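Novice: Each residue of the sequence shown is one higher than the last, beginning at 397 in our numbering.
A virtual CB, placed ideally from N, CA and C, is assigned to each residue, including glycine.
As the structure is a computational prediction, the values presented were derived from the model and not from experiment.
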Amino acid sequence: MDRFQRGFPPVSMPLATIYKYLDDQGPYLSAIITYYGFIAIFPLLLLASSILGFVLQGNAGLQEAVLNSALSTFPIIGDQLGTPEGLTGSTAGVVVGTLTALYGSLGLGQAIQNAVNITWAVPRDSRPNPFLLRLRSLALLATAGVSVLVVSVLSAIGSETEVLGERATFALRWTIRLVTIVVIGIVLTLLFRLASARSVSLRKAAPGSFVVAILWQGLQTIGTLYVTRVIAETQGMNSTFALVLGLIGIIYVAAFIGVLGMEVNVVLARRLYPRALLTPFTDNVRLTEADKRTYAYYATMQRHKGYERIQVSWGVPPMDRPKPLEQGTSSERGEQAPADTPQERRRQARAAPPTTHVTLDALPTDGAQPSQEGPSQEGPTRDEPSSPTDRRG
397 MDRFQRGFPP
407 VSMPLATIYK
417 YLDDQGPYLS
427 AIITYYGFIA
437 IFPLLLLASS
447 ILGFVLQGNA
457 GLQEAVLNSA
467 LSTFPIIGDQ
477 LGTPEGLTGS
487 TAGVVVGTLT
497 ALYGSLGLGQ
507 AIQNAVNITW
517 AVPRDSRPNP
527 FLLRLRSLAL
537 LATAGVSVLV
547 VSVLSAIGSE
557 TEVLGERATF
567 ALRWTIRLVT
577 IVVIGIVLTL
587 LFRLASARSV
597 SLRKAAPGSF
607 VVAILWQGLQ
617 TIGTLYVTRV
627 IAETQGMNST
637 FALVLGLIGI
647 IYVAAFIGVL
657 GMEVNVVLAR
667 RLYPRALLTP
677 FTDNVRLTEA
687 DKRTYAYYAT
697 MQRHKGYERI
707 QVSWGVPPMD
717 RPKPLEQGTS
727 SERGEQAPAD
737 TPQERRRQAR
747 AAPPTTHVTL
757 DALPTDGAQP
767 SQEGPSQEGP
777 TRDEPSSPTD
787 RRG
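#1: Compute the distance between the beta-carbons of alanine 517 and methionine 697, then report whether it is under 7 angstroms.
#2: Here's the rule I'm using: 16 or more other beta-carbon atoms within 10 Å means buried, otherwise exposed. How should glutamine 613 be labelled?
#3: Glycine 657 and glycine 702 look like a contact to me (Cβ under 8 angstroms); what is the Cβ gap, rounded to whole Å?
#4: Buried or exposed: leucine 639, going by 16 or more other Cβ atoms within 10 Å of its Cβ?
#5: Return yes when the Cβ of serine 543 is within less than 7 angstroms of the Cβ of valine 583, no when it is not.
#6: Determine the direct distance from the alpha carbon of arginine 399 to that of alanine 535, and round the result to whole angstroms.
#7: What do you get for threonine 678, buried or exposed, if any count of 16 or more other CB atoms within 10 angstroms of its CB means buried?
#8: Quick check on DSSP: helix, strand or coil for tryptophan 710?
#9: Quick check: the Cα distance between arginine 671 and arginine 532, rounded to an integer number of angstroms?
#10: Run through DSSP, which three-state label would alanine 591 get?
#11: With a cut-off of 8 angstroms, do at least 3 Cβ pairs link the stretch 580-600 to the stretch 519-529?
#12: Restricting to runs no shorter than 3 residues, where is the beta strand (DSSP E) found entirely within the stretch 409-438?
#13: My parser needs the alpha helix (DSSP H) runs of 4 or more residues fully inside the stretch 482-541; what are they?
#14: Using a threshold of 7 angstroms, state whether the C-beta atoms of threonine 675 and valine 681 are closer than that.
#15: Please report the Cβ distance between tyrosine 648 and serine 426, rounded to the nearest whole angstrom; I am assuming they are in contact, meaning their Cβ atoms lie under 8 angstroms.
#16: Am I right that aspartate 420 and isoleucine 508 are in contact with their C-beta atoms under 8 angstroms? What's the rounded C-beta distance?
#17: Would you kindly work out how many angstroms separate the C-alpha atoms of arginine 625 and glycine 619, rounded to a whole number?
#18: Given this structure, state the Cα-to-Cα distance separating glycine 500 from threonine 430, to the nearest angstrom.
#19: What does a CB cutoff of less than 7 angstroms around glycine 695 pick up in its chain, not counting 5 residues either side in sequence?
#20: Given that a residue counts as buried once 16 or more other Cβ atoms are within 10 Å of its Cβ, and exposed if not, what is valine 607?
#21: Give me the residue from Leu683, Phe434, Pro406 and Leu537 with the minimum Cα distance to alanine 651.
#22: If distances are taken between C-alpha atoms only, which option among Thr617, Lys600, Thr539 and Pro423 comes closest to leucine 587?
#23: Of the residues Val512, Val578 and Gly503, which one's Cα is nearest the Cα of arginine 589?
#24: Is arginine 699 helix, strand or coil by DSSP?
#25: According to DSSP, is asparagine 680 part of a helix, a strand, or is it coil?
#26: Give me the Cα-Cα distance between tyrosine 424 and glycine 654, rounded to the nearest whole angstrom.
#27: From what residue to what residue does the alpha helix (DSSP H) around lysine 719 run?
#28: Alpha carbon to alpha carbon, how far is glycine 790 from arginine 530?
#29: From what residue to what residue does the alpha helix (DSSP H) around valine 596 run?
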């Protein structure tokens, strides 16, 4: 089975993506994004409702059209907040909502940047300082806001297709859905590129972005089913709990999809596949070149200073080490068999010659295959090493 998946990219690439998601502690990254997203989404939407209440005051029909188009893209919460009754303009509400939304949005932007930098294994010293980090968060927020407006316009156009007839409506709605996927994919490509502290081209940021855009359509369907099957059948306090818990679940799934899309970009750009099938579970495995590059990137990610040097060495796998002599054979030869203790195993591991020696300067660039040359004598770059891997027998 391991040999099959190593030679079959349609299986080895998704498997490597899942392994990297787990290695990067993807569930925890998704949980952090969920926390800040939950804090930000309510005040942002309520703030938008309050602002629209001021701007569109006295025009109930226009209020309903704008809110329905803008909020219908959010699963679960769109049906609850996308009503004209929710449009109330209050100065105190705007001030409190603005401050809370700003805190949650900055935290959400920082959580997204942290996830992108971890997936790309950006060294600690190459990440932005706290001030630049928050400025990037504001830029991410502005880009996301523009994307919501664009998607809202497309949704509004889709809601006005009945005048063209049933057949035209069906074809046009599917066309608009495809255009929406393309727009979301383009916006996410820009967001993934902007959120990374290293230089990421649009070509490298696009695959995972469109994966997220496609999965987002499925998430909207799940949210709609949750509203019609769960929230619609509950009343009072149960309805409130169903709304809040359902929203948290939807945000977490969205965060999971987003982090998974980041991992897709990294695995494809750096060709971190195929991976050994049992590499997450045991040391008794022969690592692939993708395994070694992946683990070397994890080590170099911990660099805190530009003049710090990090080396990664690989010894002989346990399955390839010479087995100690059995007790009976040693007695016949008048020898004493080595004790099977942790100290003895560590001594044997140190005695075994390393098979691979990787320095911070010796990691290959994205998608490049390591050559047989030695590491560069120059110091490491601020973002990522670029010279090939040094091998020693």
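Specialist: Looking at the coordinates:
#1: yes
#2: exposed
#3: Not a contact, Cβ separation roughly 30 angstroms.
#4: Leucine 639 comes out buried.
#5: Going by C-beta atoms, valine 583 is nearer than 7 angstroms to serine 543.
#6: Going from the Cα of alanine 535 to the Cα of arginine 399 covers about 45 angstroms.
#7: Counting other Cβ atoms within 10 Å of its Cβ, threonine 678 stays below 16 and is therefore classed as exposed.
#8: strand
#9: 34 angstroms
#10: helix
#11: yes
#12: none
#13: 487-515
#14: yes
#15: 6 angstroms
#16: In fact, because the Cβ distance is near 14 angstroms, the residues do not count as touching under 8 angstroms.
#17: 10 angstroms
#18: 11 angstroms
#19: The question names glycine, yet the displayed sequence has alanine at residue 695. Around alanine 695: Ile706 and Val708.
#20: Classification for valine 607: buried.
#21: Phe434
#22: Residue Thr539 is the option with its Cα nearest to leucine 587.
#23: Measuring from the Cα of arginine 589, the nearest candidate turns out to be Val512.
#24: coil
#25: Here asparagine 680 sits in coil by DSSP.
#26: Rounded to the nearest angstrom, the two C-alpha atoms are 13 angstroms apart.
#27: No alpha helix (DSSP H) contains lysine 719, which DSSP labels as neither H nor E.
#28: The chain is shown from 397 up to 789; residue 790 falls before or after that span and cannot be answered.
#29: Run containing valine 596: none; DSSP gives neither H nor E here.
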